[in-house]
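Chains as they are written, first to last, in this note's numbering: chain H, 1 to 366; chain V, 1 to 273. Here a beta-carbon is modelled for each residue, glycine too, at the ideal position from N, C-alpha and C.
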């Protein structure tokens with residue numbers, strides 16, 4: 001259970017296929033090897049216990065690794081992913097295959113689903129890229145964009161999305177459920193979030209920014225299984241009302257929480273695939289990496305990365321939250337040079353809009 | 001007699017491990033205890049220099065470990081203080097044996113344990129001066145330890161290294177170490193230019209066993225091979241004596257920080273007359 005690992009956690013997904021959770025979805029890049037071998041290998045990787053349920057419903061961004069993919073090969077892959085309830089959303093480095101894929105998607109859904117293009121643009125950006133981060137798929141669900149190499153369209157939509165309230169982002173980032181966390185208990189599901197409304201420009205319709213109904217609509221109009229926008233890394237709070245109580249997806253939290261009953265000291269690294277709870281301090285120079293949330297009943301002074309697989313809805317909480325560096329999903333923040341006095345009993349860090357914000361804990365759920 | 005083995009370590013170099021070892025050794029020996037100081041810093045020995053015993057070394061730790069000398073032959077007795085003995089480190093061999101051949105010959109934890117077991121029979125205290133770093137030399141030094149003292153200075157880098165060491169000791173399932181805060185400058189602390197004791201303790205979260213103020217006397221003492229604990233009149237000498245008393249289980253409070261009443265106070269006294 002306790003794993004203080006000397007250096008890096010050995011990548012369990014070795015081989016020529018690498019997986020990376022990003023805000024756009026599951027990033028799979030293929031290495032050397034024959035196509036059939038790769039497919040087999042991929043299937044093996046995806047069917048590993050825990051992984052399978054973990055990735056269910058994920059969108060896949062494929063990096064082909066300088067390989068031209070034919071239509072049949074593409075279909076094969078889509079079929080294989082579909083068996084695992086995953087959808088191929090984008091082929092990143094093969095424009096032709098991407099075109100084919102876009103056509104397939106268009107014909108399958110009757111209506112153009114343009115999420116591909118902006119994602120392609122976004123994937124070029126470094127993980128922690130700030131303002132120019134392309135719009136998340138939920139915001140581009142509108143009718144305007146076509147499934148072309150539409151970088152400009154993506155950019156403007158991205159801007160529109162950025163200018164709207166953070167509701168856009170948070171709904172996009174963690175699927176339908178995350179919206180609940182953003183406005184805890186405030187707005188009933190049927191009502192568009194007021195904050196998101198006024199500046200919602202051409203591409204992004206207000207509906208899309210309201211998690212509940214938007215997600216519902218999508219479900220009805222698409223033939224494919226309803227794709228949650230991002231990796232369904234589930235957290236208990238993601239099933240908070242008002243969105244829905246349907247927590248079928250939240251059952252697939254592959255790893256139980258790790259409870260670590262002492263301090264993590266300089267030079268020590270604590271890694272875990274799920275949520276980490278530390279009963280002790282995290283000293284400067286220590287590293288804590290969790291794919292879920294991080295809770296520290298003590299002082300957090302080291303480096304912490306929550307949602308390390310790309311889950312931007314993860315949170316970091318500590319009695320004293322003063323990390324040297326704080327990473328959540330794809331975001332990075334460092335401690336301010338001037339340390340402020342902590343007055344609240346505890347603090348929570350989470351991604352709001354496009355940055356990590358620290359909030360005092362005022363009771364209630366995290 | 002079965003000695004208590006105390007290892008003095010720090011992670012970072014130059015924070016005063018050797019000085020602390022020498023002075024604790026002197027202070028304990030002056031109380032009548034038989035003390036053996038072991039220099040585990042093979043290749044960079046200097047405990048002998050600090051103790052002023054350099055010119056009397058015939059055999060060293062590696063000779064003993066490799067069977068070229070008996071322990072009795074290698075131990076250097078301090079003429080000024082017969083209770084104090086030194087087991088010097090070898091000067092010639094590298095503490096990080098690089099290739100396998102060297103590895104075979106380098107000292108390992110087992111040998112160190114055996115050595116200390118032999119030493120235990122004839123002393124009350126074994127003080128092991130650990131090398132800086134976290135490599136084999138460090139492992140050798142902590143392997144036989146019953147108690148570990150961590151020396152740090154009020155600098156972020158030293159404190160960070162100390163924290164690392166504490167973590168390694170935890171991993172090695174040693175009893176929680178105690179902290180010696182060395183080279184503290186009360187005037188700088190007062191100005192807020194130096195980490196204060198609570199700051200350091202907050203980071204390291206271990207027990208403090210002593211504070212040693214920065215003292216010029218240390219430098220001349222080292223150069224003369226006459227540790228400050230010998231006469232115990234300097235501020236640092238007093239601090240080391242108190243530290244030794246605490247090691248013996250006596251309840252000696254850590255005095256409040258104060259630059260020893262020097263110029264300003266004396267001047268004030270003059271004025272008051």
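Closer than 8 Å to chain V by CB, residue i
{"i": "residue 56 of chain H", "result": "no"}
{"i": "residue 196 of chain H", "result": "The predicted position of residue 196 of chain H is uncertain, since its pLDDT is 38 and thus under 50; no value can be drawn from it."}
{"i": "residue 293 of chain H", "result": "no"}
{"i": "residue 272 of chain H", "result": "no"}
{"i": "residue 325 of chain H", "result": "no"}
{"i": "residue 285 of chain H", "result": "yes"}
{"i": "residue 265 of chain H", "result": "yes"}
{"i": "residue 268 of chain H", "result": "yes"}
{"i": "residue 183 of chain H", "result": "Note that residue 183 of chain H scores a pLDDT of 36, beneath 50, so its modelled location is shaky; the value from the coordinates is reported in the next line. By this cut-off, residue 183 of chain H is not an interface position."}
Cβ pair residue i, residue j closer than 8 Å
{"i": "residue 165 of chain V", "j": "residue 10 of chain V", "result": "yes"}
{"i": "residue 264 of chain H", "j": "residue 302 of chain H", "result": "yes"}
{"i": "residue 310 of chain H", "j": "residue 329 of chain H", "result": "yes"}
{"i": "residue 25 of chain V", "j": "residue 115 of chain V", "result": "no"}
{"i": "residue 89 of chain V", "j": "residue 61 of chain V", "result": "yes"}
{"i": "residue 222 of chain V", "j": "residue 15 of chain V", "result": "no"}
{"i": "residue 93 of chain H", "j": "residue 69 of chain H", "result": "no"}
{"i": "residue 100 of chain H", "j": "residue 60 of chain H", "result": "no"}
{"i": "residue 306 of chain H", "j": "residue 318 of chain H", "result": "no"}
{"i": "residue 218 of chain V", "j": "residue 254 of chain V", "result": "no"}
{"i": "residue 267 of chain H", "j": "residue 167 of chain V", "result": "yes"}
{"i": "residue 120 of chain V", "j": "residue 128 of chain V", "result": "no"}
{"i": "residue 157 of chain V", "j": "residue 17 of chain V", "result": "no"}
{"i": "residue 86 of chain V", "j": "residue 44 of chain V", "result": "no"}
{"i": "residue 36 of chain H", "j": "residue 17 of chain H", "result": "no"}
{"i": "residue 180 of chain V", "j": "residue 149 of chain V", "result": "yes"}
{"i": "residue 356 of chain H", "j": "residue 321 of chain H", "result": "no"}
{"i": "residue 308 of chain H", "j": "residue 277 of chain H", "result": "no"}
{"i": "residue 213 of chain V", "j": "residue 195 of chain V", "result": "no"}
{"i": "residue 151 of chain V", "j": "residue 8 of chain V", "result": "yes"}
Within-8 Å CB hit, residue i to chain H
{"i": "residue 205 of chain V", "result": "yes"}
{"i": "residue 163 of chain V", "result": "yes"}
{"i": "residue 166 of chain V", "result": "yes"}
{"i": "residue 114 of chain V", "result": "no"}
{"i": "residue 68 of chain V", "result": "no"}
{"i": "residue 251 of chain V", "result": "no"}
{"i": "residue 99 of chain V", "result": "Because residue 99 of chain V sits at a pLDDT of 46, beneath the cut-off of 50, its placement in the model cannot be relied upon, and the following sentence gives the value as read from the coordinates. Taking Cβ atoms only, chain H never reaches closer than 8 Å to residue 99 of chain V, which makes this a no."}
Integer Cβ distance of residue i from residue j, believed to fall under 8 Å
{"i": "residue 29 of chain H", "j": "residue 65 of chain H", "result": "6 Å"}
{"i": "residue 349 of chain H", "j": "residue 316 of chain H", "result": "4 Å"}
{"i": "residue 292 of chain V", "j": "residue 12 of chain V", "result": "Here chain V comprises residues numbered 1 to 273, so residue 292 of chain V is not present and cannot be evaluated."}
{"i": "residue 132 of chain V", "j": "residue 112 of chain V", "result": "So it is not a contact: roughly 17 Å between Cβ atoms."}
{"i": "residue 124 of chain V", "j": "residue 33 of chain V", "result": "4 Å"}
{"i": "residue 140 of chain V", "j": "residue 40 of chain V", "result": "6 Å"}
{"i": "residue 275 of chain H", "j": "residue 290 of chain H", "result": "6 Å"}
{"i": "residue 23 of chain V", "j": "residue 252 of chain V", "result": "Not a contact, Cβ separation roughly 15 Å."}
{"i": "residue 231 of chain V", "j": "residue 237 of chain V", "result": "6 Å"}
{"i": "residue 56 of chain V", "j": "residue 76 of chain V", "result": "5 Å"}
{"i": "residue 206 of chain V", "j": "residue 245 of chain V", "result": "Rounded, the Cβ-Cβ distance is 20 Å, inconsistent with contact."}
{"i": "residue 110 of chain V", "j": "residue 145 of chain V", "result": "So it is not a contact: roughly 14 Å between Cβ atoms."}
Neighbour flag for residue i against chain A, beta carbons, 8 Å
{"i": "residue 281 of chain H", "result": "Given the protein chain composition of this structure (H and V), no chain A is represented."}
### Query
When you check each C-beta in the region 310 to 323 of chain H against every C-beta of chain V, which residues fall closer than 7 Å?
none
### Task
Mind listing, in chain order, the continuous beta strand (DSSP E) runs of no fewer than 3 residues lying wholly within the region 64 to 115 of chain H?
87 to 91
#### Entry: Residues of the region 141 to 162 of chain V with Cβ closer than 7 Å to any Cβ of chain H, in chain order
160
### Task
Taking only runs that begin and end inside the region 212 to 257 of chain V, name each unbroken alpha helix (DSSP H) of 4 or more residues, in chain order.
217 to 224 and 235 to 247
### Complete beta strand (DSSP E) runs within the region 258 to 308 of chain H (minimum length 3 residues, chain order)
258 to 260, 269 to 272, 276 to 278, 287 to 290, 294 to 300 and 303 to 306
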